[in-house]
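Start counting the sequence shown at 9; every next residue gets the next number (this note's numbering).
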Amino acid sequence: MNHNKKELKIIKNQEKILKKNMREGISMLKEFKKFALRGNMIDLAVGIIVGGAFNSIVNSLVNDIIMPLLGVFTKNINFSDWFVALDGKDYATLQAAEAEGAAVVKYGLFLSNILNFIIMAFVVFLIVRWINKLKKHTEQAAPATKKCRYCYSDIHKDATKCPHCTADLDK
9 MNHNKKELKI IKNQEKILKK NMREGISMLK EFKKFALRGN MIDLAVGIIV
59 GGAFNSIVNS LVNDIIMPLL GVFTKNINFS DWFVALDGKD YATLQAAEAE
109 GAAVVKYGLF LSNILNFIIM AFVVFLIVRW INKLKKHTEQ AAPATKKCRY
159 CYSDIHKDAT KCPHCTADLD K
C-alpha cells in the first residue's frame, strides 16, 4: 500500500509539471502571436516584399536602360575581362585562367560592381527624391488653432488661456 501512495504522489507531481508546462507553452504562443501581429512587424514584412519588387525594377532600369546607354559611350568595354593571373602566365580570358585553376585577381569585375553600385545608388536617390517631393505637395500644414476643451471655441494652438471662457489650458 505504501508503494501505491508513492506512485500516486509521483503521478500527481507529473500532472502538476505537465499543467505548468502547458500553461507556459500557451503563454508563449500568445506572446508570439502578439509579437508577430504587431503593426510594425507587418509593416516590415510589407516593406521587404515591396523592396524585392522595387529591386527588380531598379535592376531592370540599370541593366536594360542605363548600362546600354553607357555602353555606347564606353564602346561596350567589358570590365569583367580585366584580371591578373597570380601564377604569372598570360591567359586569353578569365574563364581560361579559372579553368587552369590559376589564382586570379578580378579587378575588372570589382570595378564593374562598383560602377553598378554607384549607378544603382544614384537611381534610388533620384526615385526617393522624387517621392519626397510628391509627399511635400500632399502634406498639409499643421493647424494653427485648437479647440478649448471647456467651451470648444477655436483658439490659437499655443494659447495657455482661453480668451472666450478664460479657462487655464495645459500646453
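Where is the CB? At the ideal position from N, CA and C, for every residue including glycine.
>> Would ASP176 and LYS169 be called neighbours here (beta carbons separated by less than 7 Å)?
In response: In the sequence shown, residue 176 corresponds to position 168, counting from 1. In the sequence shown, residue 169 corresponds to position 161, counting from 1. Yes, Cβ-Cβ distance for ASP176 and LYS169 is below 7 Å.
> In the structure shown, what three-state DSSP assignment does HIS145 receive?
Replying inline: As a first step, residue 145 must be located in the sequence shown, where it is residue number 137. Taken through DSSP and simplified to helix, strand or coil, HIS145 comes out as helix.
> By Cβ distance below 7 Å, which residues in the same chain neighbour ILE163 in space, the five residues on each side in sequence not counted?
Replying inline: Your numbering for residue 163 matches position 155 in the sequence shown. These residues qualify, in order along the chain: THR153, LYS154, CYS156, CYS170, PRO171.
> Looking at the unbroken beta strand (DSSP E) that takes in THR168, where does it start and where does it end?
Replying inline: Residue 168 sits at position 160 when you count from the first residue of the sequence shown. Unbroken run through THR168: none, as it is neither H nor E.
>> Suppose only complete runs of 4+ residues qualify. What are the alpha helix (DSSP H) ranges in the segment 65-130, listed by chain order?
In response: Taking only runs of at least 4 residues, the alpha helix (DSSP H) segments lying wholly in the segment 65-130 are 75-82, 102-107.
> Should ILE127 and ILE50 be called a contact, given that it needs their Cβ atoms to be closer than 7 Å?
Replying inline: Looking up residue 127 in the sequence shown gives position 119. Looking up residue 50 in the sequence shown gives position 42. The answer is no: Cβ separation not under 7 Å.
> Cβ of TYR160 within 7 Å of Cβ of CYS173?
Replying inline: Within the sequence shown, the letter at position 152 stands for residue 160. Within the sequence shown, the letter at position 165 stands for residue 173. Going by C-beta atoms, TYR160 is not nearer than 7 Å to CYS173.
> Roughly how far, in whole angstroms, is the beta-carbon of SER120 from the beta-carbon of SER68, given that I think they are within contact range, below 8 Å?
Replying inline: Numbered from 1 along the sequence shown, position 112 holds the residue referred to as residue 120. Numbered from 1 along the sequence shown, position 60 holds the residue referred to as residue 68. With 8 Å as the limit, SER120 and SER68 do not qualify as a contact, their Cβ atoms being about 18 Å apart.
> For LEU77, is the classification buried or exposed, using 16 other Cβ atoms within 10 angstroms of its Cβ as the cut-off for buried?
Replying inline: The residue labelled residue 77 in the question sits at position 69 within the sequence shown. That one is exposed.
> Under a Cβ-count criterion, where at least 16 other Cβ atoms within 10 Å of its own Cβ denotes burial, should ALA105 be classed as buried or exposed?
Replying inline: Working through the sequence shown from its first residue, we reach residue 105 at position 97. Around the beta-carbon of ALA105, 16 or more other beta-carbon atoms lie within 10 Å, marking it buried.
>> Could you give the first and the last residue of the continuous beta strand (DSSP E) run that contains THR153?
In response: Within the sequence shown, numbered from 1, the residue matching residue 153 stands at position 145. In the DSSP assignment, THR153 falls within the beta strand (DSSP E) that extends over 153-155.
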